[in-house]
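The block underneath contains the structure these notes are about, expressed in structure tokens.
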Amino acid sequence: MGQITLQGVTKRFGEVEVIPPLDLTIEDGEFVVFVGPSGCGKSTLLRLIAGLEDVSAGDILIDGKNATDASPARRGLAMVFQSYALYPHMSVRKNIAFPLKMAGVSKPEQDRRIEAAAKALNLTSYLDRRPGQLSGGQRQRVAIGRAIVREPSAFLFDEPLSNLDAALRVGMRLEISELHNRLKTTMIYVTHDQVEAMTMADKIVVLQAGRIEQVGSPLDLYLRPKNVFVAGFIGSPRMNLFSGAAAAEYGAMTIGVRPEHIRISGQGGKWKGRVGVSEHLGSDSFFYVEDTGLAETITVRADGEVTLHHGDTVWLTPDEGKIHRFDTNGDRI
Amino acid sequence: MARAVSRNTKIGWTIAAWAVALLIFFPILYTIITSLKSEQEAIAGFDLIPSFTLESYQTVQSQNNYWRPFTNSVILAVGSTLLALIVAIPAAWAMAFSPTKRTKDILMWMLSTKMMPAVAVLVPIYLIFLRTGLMDTRIGLTVLLMMINLPIVVWMLYTYFREIPGEILEAARMDGATLRDEILYVLTPMAIPGIASTLLLNIILAWNEAFWTIQLTTTNAAPLSAFIASFSSPQGLFWAKLSAASVMAIAPILVLGWFSQKQLVRGLTFGAVK
Numbered sequence: 001m002g003q004i005t006l007q008g009v010t011k012r013f014g015e016v017e018v019i020p021p022l023d024l025t026i027e028d029g030e031f032v033v034f035v036g037p038s039g040c041g042k043s044t045l046l047r048l049i050a051g052l053e054d055v056s057a058g059d060i061l062i063d064g065k066n067a068t069d070a071s072p073a074r075r076g077l078a079m080v081f082q083s084y085a086l087y088p089h090m091s092v093r094k095n096i097a098f099p100l101k102m103a104g105v106s107k108p109e110q111d112r113r114i115e116a117a118a119k120a121l122n123l124t125s126y127l128d129r130r131p132g133q134l135s136g137g138q139r140q141r142v143a144i145g146r147a148i149v150r151e152p153s154a155f156l157f158d159e160p161l162s163n164l165d166a167a168l169r170v171g172m173r174l175e176i177s178e179l180h181n182r183l184k185t186t187m188i189y190v191t192h193d194q195v196e197a198m199t200m201a202d203k204i205v206v207l208q209a210g211r212i213e214q215v216g217s218p219l220d221l222y223l224r225p226k227n228v229f230v231a232g233f234i235g236s237p238r239m240n241l242f243s244g245a246a247a248a249e250y251g252a253m254t255i256g257v258r259p260e261h262i263r264i265s266g267q268g269g270k271w272k273g274r275v276g277v278s279e280h281l282g283s284d285s286f287f288y289v290e291d292t293g294l295a296e297t298i299t300v301r302a303d304g305e306v307t308l309h310h311g312d313t314v315w316l317t318p319d320e321g322k323i324h325r326f327d328t329n330g331d332r333i
Numbered sequence: 001m002a003r004a005v006s007r008n009t010k011i012g013w014t015i016a017a018w019a020v021a022l023l024i025f026f027p028i029l030y031t032i033i034t035s036l037k038s039e040q041e042a043i044a045g046f047d048l049i050p051s052f053t054l055e056s057y058q059t060v061q062s063q064n065n066y067w068r069p070f071t072n073s074v075i076l077a078v079g080s081t082l083l084a085l086i087v088a089i090p091a092a093w094a095m096a097f098s099p100t101k102r103t104k105d106i107l108m109w110m111l112s113t114k115m116m117p118a119v120a121v122l123v124p125i126y127l128i129f130l131r132t133g134l135m136d137t138r139i140g141l142t143v144l145l146m147m148i149n150l151p152i153v154v155w156m157l158y159t160y161f162r163e164i165p166g167e168i169l170e171a172a173r174m175d176g177a178t179l180r181d182e183i184l185y186v187l188t189p190m191a192i193p194g195i196a197s198t199l200l201l202n203i204i205l206a207w208n209e210a211f212w213t214i215q216l217t218t219t220n221a222a223p224l225s226a227f228i229a230s231f232s233s234p235q236g237l238f239w240a241k242l243s244a245a246s247v248m249a250i251a252p253i254l255v256l257g258w259f260s261q262k263q264l265v266r267g268l269t270f271g272a273v274k
């Protein structure tokens with residue numbers, strides 16, 4: 001079991017309120033991703049759940065029991081840190097065994113669990129090495145192994161992939177997703193990378209300045225962003241946002257159109273502009289169109305075979321049914 | 001990329017480095033040479049070749065028992081160091097891992113006490129020792145030496161502990177470690193090199209301390225530093241004997257320093273370079 005409920009959880013550092021009262025329920029077995037720009041309070045929120053920071057007000061319930069004042073060790077959660085936080089003076093085996101030793105698990109049971117975790121994470125041949133002798137990816141696996149053997153009620157990941165290179169990151173992303181499918185344990189994952197959030201999560205929590213902007217499934221957030229912030233944050237490349245006359249035409253303060261919902265053509269259309277930078281990825285092409293009078297640049301996603309050149313005059317037509325409209329407060333209409 | 005250095009420049013620097021090292025070491029070397037001379041040779045003038053007589057050492061040992069101050073030195077140096085570590089480890093721990101707004105100020109204040117000339121507090125401390133019966137006792141001097149070196153010990157340990165990433169301690173807490181487990185299985189093993197070099201440096205500092213040991217002892221608790229001082233006035237003109245006494249006083253710490261060079265250098269430069 002691993003249901004986690006936050007009720008009016010607040011965190012202040014001195015005078016500064018980094019997390020205003022916040023409510024959130026994470027269901028058992030869910031993969032929840034906290035995402036937001038740096039400094040939005042996502043790591044602090046995770047540390048509050050872990051018990052590494054004290055809450056200033058509010059309650060944290062784990063499986064219905066109030067754990068607000070419980071020490072980290074007593075919450076039954078396991079955490080994987082950004083820096084891996086392995087014990088440098090212990091072998092991989094001892095690192096993984098540490099939580100079991102602390103819990104007083106018998107030696108044969110320890111060995112059984114270590115072997116199983118090492119096998120699952122491809123670490124069997126590294127068990128007698130020190131963390132210093134491992135690569136970044138292997139260290140991250142050891143950190144995950146140390147978390148798994150405890151059989152926690154939930155896993156907490158604090159930006160676990162940001163120290164890895166791009167290729168490894170994609171690989172580890174898949175491994176963590178597979179791990180979740182296999183274990184079906186609650187996972188809370190903090191990242192600033194919205195691609196990680198979109199690809200891994202069952203549920204995404206978008207945070208800004210300690211406030212929850214929106215909670216929902218990745219597609220939910222993508223298709224129906226609740227406000228301008230979420231609209232601009234979720235999706236890569238970013239949604240195009242315009243205000244002024246173009247928005248007023250649709251009866252809104254701000255409108256947003258995703259790059260893939262704009263048709264680009266040399267013949268004619270709604271908005272006229274000039275091609276600036278273009279990026280050809282093979283499967284898709286991205287065009288950054290300038291001089292439209294709407295925004296500095298408008299990003300358009302087109303088919304991989306479309307070829308346009310720098311300086312070409314083009315016409316853009318938004319897909320009317322897929323325009324997002326926002327009011328003066330930035331909320332969805 | 002390393003800078004290209006010509007062969008000649010290298011030779012030049014090597015010679016210069018040796019010259020400076022020799023210059024610094026020369027007084028000690030000449031003391032050793034003088035201690036191996038007879039008194040006539042010693043006062044005869046500058047001469048680097050002694051007659052290798054052990055006569056002075058024998059006289060020093062027969063006139064003043066060497067082992068008594070030696071034992072005192074060991075007890076004072078080791079005792080005050082261990083006491084200092086017992087006090088400083090928890091203090092440095094608290095300052096490194098749960099600092100408050102005033103932590104930096106406290107550290108500076110502690111260091112500032114080292115900037116005060118010792119003679120400024122000589123009278124009060126002398127009177128305290130006199131009235132509490134601590135004069136010329138090992139216990140009194142051990143406690144005093146501990147307090148004198150405490151700021152440096154706390155600073156050194158603090159610098160070391162600061163290098164231990166906080167996330168590792170948090171990981172231990174998440175893994176179910178109690179404060180005791182955290183200290184025993186994670187912090188101490190990681191801090192051992194730091195604790196060891198602090199211990200070594202403090203033993204050396206305590207061993208060499210002369211001001212307080214000379215002021216507050218006569219015979220019972222007098223360590224080697226007071227032993228040399230006791231030679232300088234009555235035997236001031238007997239250079240060979242004075243040298244022999246000096247060599248006997250510094251030899252143990254010189255040997256210790258020699259064997260622990262690596263630890264000491266690491267300890268003193270720790271935290272300076274990442």
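So the protein lines, in turn, are chains A and B.
The letter at position 281 of the first sequence is residue 281 when you use full-length UniProt numbering, and the numbering goes up by one with no holes.
The letter at position 132 of the second sequence is residue 132 when you use full-length UniProt numbering, and the numbering goes up by one with no holes.
Virtual Cβ for every residue (Gly too), placed ideally from N, Cα, C.
What you are looking at is a predicted structure, and each value in this text was computed from that prediction instead of being measured.
Quiz prompt | Per DSSP, the bridge partner or partners of A:H324 | solution = A:G256
Self-check item: N-terminal and C-terminal residue of the beta strand (DSSP E) that A:V105 is part of
Solution: Note, A:V105: premise wrong, no beta strand (DSSP E); not H, not E.
Quiz item: Buried or exposed: which applies to B:E209, given that a residue is buried once 16 or more other Cβ atoms fall within 10 Å of its Cβ?
Solution: buried
Quiz item: Which bits of chain B does A:P99 rub up against, with CB to CB less than 7 angstroms?
Solution: Under the 7 angstroms cutoff, chain B gives D175 and G176.
Quiz item: So who's on the other strand from A:L77, going by DSSP bridges?
Solution: A:A154
Quiz item: For B:R7, does the three-state DSSP call read helix, strand or coil?
Solution: helix
Quiz prompt | Proximal residues of chain A, C-beta to C-beta of B:D181 below 7 angstroms | solution = M102
Quiz item: What residue does the beta strand (DSSP E) around A:N181 start on, and which one ends it?
Solution: That residue, A:N181, is in no beta strand (DSSP E); its alpha helix (DSSP H) goes A166 to L183.
Exercise. Would you mind telling me which residues of chain D sit closer than 9 angstroms to A:R146, beta carbon to beta carbon, in chain order?
Key: In the structure shown, chain D does not exist; the protein chains are A and B.
Quiz item: Would DSSP call A:Y189 helix, strand or coil?
Solution: Looking at A:Y189 - three-state DSSP - the assignment turns out to be strand.
Practice problem: Classify A:Q194 as helix, strand or coil using the three-state DSSP reduction. | Solution: helix
Quiz item: Is the Cβ-Cβ distance between B:L76 and B:L130 less than 8 angstroms?
Solution: no
Quiz item: Between which two residues does the beta strand (DSSP E) harbouring A:S285 extend?
Solution: D284 to E290
Quiz item: So, using beta-carbon positions, are A:P72 and A:G51 closer together than 8 angstroms?
Solution: yes
Quiz item: What three-state label does DSSP hand A:K65 in the structure shown?
Solution: strand
Quiz item: Apart from the five residues just before and just after A:R169, which ones in its own chain have a Cβ nearer than 7 angstroms to its Cβ?
Solution: The residues are L161.
Quiz item: Which bits of chain A does B:P167 rub up against, with CB to CB less than 7 angstroms?
Solution: Correcting the residue identity first, residue 167 of chain B is Glu in this sequence and not Pro. Within 7 angstroms Cβ-Cβ: F81, S83 and A85.
Self-check item: C-alpha gap between A:L24 and A:G64, whole angstroms
Solution: 13 angstroms
Quiz item: Can a CB atom of chain B be found closer than 8 angstroms to the CB of A:L52?
Solution: yes
Quiz item: Closest Cβ-Cβ distance between B:M108 and chain A: below 8 angstroms?
Solution: no
Self-check item: CB contact below 8 angstroms: A:A154 versus chain B
Solution: No, its Cβ sits nowhere closer than 8 angstroms to a Cβ of chain B.
Exercise. Can you pull the chain B residues whose beta carbon is under 8 angstroms from the beta carbon of residue 337 of chain A, in chain order?
Key: Residue 337 of chain A lies beyond the residue range present for chain A, which begins at 1 and ends at 333; the question has no answer from this structure.
Quiz item: Is the beta carbon of A:D193 less than 8 angstroms from the beta carbon of A:Q82?
Solution: no
Quiz item: Less than 8 angstroms separating the beta-carbons of B:R173 and B:E163?
Solution: no
Practice problem: Output yes if chain A places a C-beta closer than 8 angstroms to the C-beta of B:P189; else output no. | Solution: yes
Quiz item: Around the Cβ of A:R12, are there at least 16 other Cβ atoms within 10 angstroms (buried) or fewer (exposed)?
Solution: Exposed.
Quiz item: Nearest CA to the CA of B:I195: which residue from B:I86, B:L36, B:L54 and B:L224?
Solution: B:I86
Quiz item: Is the shortest distance between the beta-carbon of B:S74 and the beta-carbons of chain A less than 8 angstroms?
Solution: According to the sequence provided, residue 74 of chain B is Val. The question's Ser does not apply to it. No, B:V74 lies away from the interface with chain A (no Cβ there is under 8 angstroms from its Cβ).
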